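Chemist:
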Amino acid sequence: MTLHPFDDIDGEFKGRLREIATTTRSTVDNSTVTFRTARIECDYTPKVVKRLAMGQLVAIPNVQALGANSSYSLYEIADVYPMHYSMLTLDRSQPAAIRKEFMELIQKEWEKGSKSTWIEIVAAPISYVMKTTDEGVVYERRAMAPLTGSPVRLLSKESIQQLICFKPPKGNSEDYYLGTLLGFTDDSIPFSVNLESLIHYMGGVFAFTGSGKSNLTATVIRKALRAIPDLKVVVFDVSAE
Numbered sequence: 496m497t498l499h500p501f502d503d504i505d506g507e508f509k510g511r512l513r514e515i516a517t518t519t520r521s522t523v524d525n526s527t528v529t530f531r532t533a534r535i536e537c538d539y540t541p542k543v544v545k546r547l548a549m550g551q552l553v554a555i556p557n558v559q560a561l562g563a564n565s566s567y568s569l570y571e572i573a574d575v576y577p578m579h580y581s582m583l584t585l586d587r588s589q590p591a592a593i594r595k596e597f598m599e600l601i602q603k604e605w606e607k608g609s610k611s612t613w614i615e616i617v618a619a620p621i622s623y624v625m626k627t628t629d630e631g632v633v634y635e636r637r638a639m640a641p642l643t644g645s646p647v648r649l650l651s652k653e654s655i656q657q658l659i660c661f662k663p664p665k666g667n668s669e670d671y672y673l674g675t676l677l678g679f680t681d682d683s684i685p686f687s688v689n690l691e692s693l694i695h696y697m698g699g700v701f702a703f704t705g706s707g708k709s710n711l712t713a714t715v716i717r718k719a720l721r722a723i724p725d726l727k728v729v730v731f732d733v734s735a736e
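Per the working numbering, the very first residue in the sequence shown carries number 496; after that it's consecutive.
(1) Take Met-496 and list the residues in its own chain whose beta-carbon comes closer than 8 Å to its own, dropping the five residues that flank it on each side.
(2) When the Cα atoms are used, what is the spatial distance from Ala-554 to Phe-661?
(3) For Asp-502 and Arg-648, what's the separation of their Cα atoms in angstroms?
(4) Alpha carbons only, please: which of Gly-644, Thr-627, Thr-628, Leu-600 is nearest the one belonging to Cys-537?
(5) Let's see if you can read the secondary structure: which residues bound the alpha helix (DSSP H) around Met-598?
(6) Which same chain residues, not among the five before or five after His-499, have their C-beta less than 7 Å away from its C-beta?
(7) Using 8 Å as the cut-off, can you tell me whether the region 619-628 makes contact with the region 563-574, which would need three or more C-beta pairs spanning the two stretches below that distance?
(8) For the alpha helix (DSSP H) that contains Ala-722, what are its first and last residues?
(9) Kindly indicate which residue of Pro-664, Lys-542, Pro-646 has the alpha-carbon position closest to the one of Glu-606.
(10) Is the distance from the Cβ of Leu-676 to the Cβ of Ile-655 below 8 Å?
(11) What does DSSP give as the partner residues of Lys-626 in its beta bridges?
(12) Which of the three DSSP states is assigned to Arg-534 in this structure?
(13) Cutting at 7 Å between CB atoms, please list the residues of its own chain near Lys-509, excluding the five before and the five after it.
Set out below in structure tokens:
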């Protein structure tokens with residue numbers, strides 16, 4: 496089966512990297528942490544804005560792509576919001592009647608799109624590089640600077656599965672699935688993990704109270720015990736739950 500690395504949403508997804516924004520914040524121990532996010536602009540259509548979601552992956556040509564167009568830095572979409580030119584000047588200094596007229600105009604143009612609309616995408620690096628070759632797609636764990644102004648590509652579901660999901664062995668494959676991946680509004684991708692690798696390395700589950708940490712841990716333990724017959728598990732429950 497031929498792997499189609501990108502999804503152009505029937506030719507409607509057309510985006511470019513506008514800039515790499517750097518944000519520095521102070522931490523509680525008086526040190527600083529720096530985040531770099533990609534700011535992407537793409538053409539607005541109702542079909543595209545309904546298909547984009549947080550968690551999807553995009554590919555941006557990096558410095559190794561110069562003259563080849565086959566090396567991409569991968570980013571995860573963190574935020575998506577449609578923009579209209581009139582929104583940039585819409586504020587409370589204008590009379591209410593004018594603001595209402597502008598907002599009604601904006602609302603109508605969401606339905607059909609216009610040259611005054613576009614989509615803003617904020618994406619964060621995942622420190623992986625994707626290379627397309629004659630033999631297929633190869634992923635490398637490394638960071639590489641993307642090229643501002645370059646066309647941005649949306650990864651296909653097949654590419655995301657190849658990058659993220661584990662190919663379970665035949666027989667008890669169901670034990671290797673732990674839910675579905677985020678980032679798809681019209682379908683879902685089953686999320687599978689290598690249970691042997693998961694339990695052989697240090698890991699943690701962190702989330703707010705009531706979000707399902709204990710349930711996820713219990714699910715992983717049950718599936719691992721079925722998939723690995725000689726596995727032994729010791730549980731320390733300091734909260735007596």
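Ideal placement from N, C-alpha and C gives every residue a C-beta, glycine not left out.
From a predicted model like this one, the values you see are computed outputs, not experimental measurements.
Modeler: Based on what the coordinates show:
(1) Within the sequence shown, residue 496 is the residue found at index 1, counting from 1. Per-residue confidence for Met-496 stands at a pLDDT of 47, beneath the threshold of 50, marking its modelled position as unreliable; no derived number is given.
(2) In the sequence shown, residue 554 corresponds to position 59, counting from 1. In the sequence shown, residue 661 corresponds to position 166, counting from 1. Using only the alpha carbons, I get a separation of about 21 Å.
(3) In the sequence shown, counting from the first residue as 1, residue 502 sits at position 7. In the sequence shown, counting from the first residue as 1, residue 648 sits at position 153. Taking the straight line joining both Cα atoms gives about 7 Å.
(4) Here residue 537 is taken as the residue at index 42 of the sequence shown, counted from 1. The residue with the shortest Cα to Cα distance from Cys-537 is Gly-644.
(5) To locate residue 598, count along the sequence shown from 1; it is residue 103. Per DSSP, Met-598 belongs to the alpha helix (DSSP H) from 591-607.
(6) Residue numbering aside, residue 499 sits at position 4 when the sequence shown is read from its first letter. Counting only Cβ-Cβ distances below 7 Å, and skipping sequence neighbours, we find Ser-651, Glu-653.
(7) yes
(8) Residue numbering aside, residue 722 sits at position 227 when the sequence shown is read from its first letter. Its alpha helix (DSSP H) spans residues 708-722.
(9) Position 111 of the sequence shown, counted from the start, is the residue given in the question as residue 606. Nearest C-alpha to Glu-606: Lys-542.
(10) By 1-based counting over the sequence shown, the position of residue 676 is 181. By 1-based counting over the sequence shown, the position of residue 655 is 160. The answer is yes: Cβ separation under 8 Å.
(11) Locating residue 626 in the sequence shown gives position 131, where the first residue counts as 1. The partner list for Lys-626 (beta bridge, DSSP) reads Ser-566, Val-633.
(12) Against the sequence shown, residue 534 aligns to sequence position 39. Looking at Arg-534 - three-state DSSP - the assignment turns out to be strand.
(13) As a position in the sequence shown, residue 509 is number 14, starting the count at 1. So the qualifying residues of the chain are Cys-537, Asp-538.
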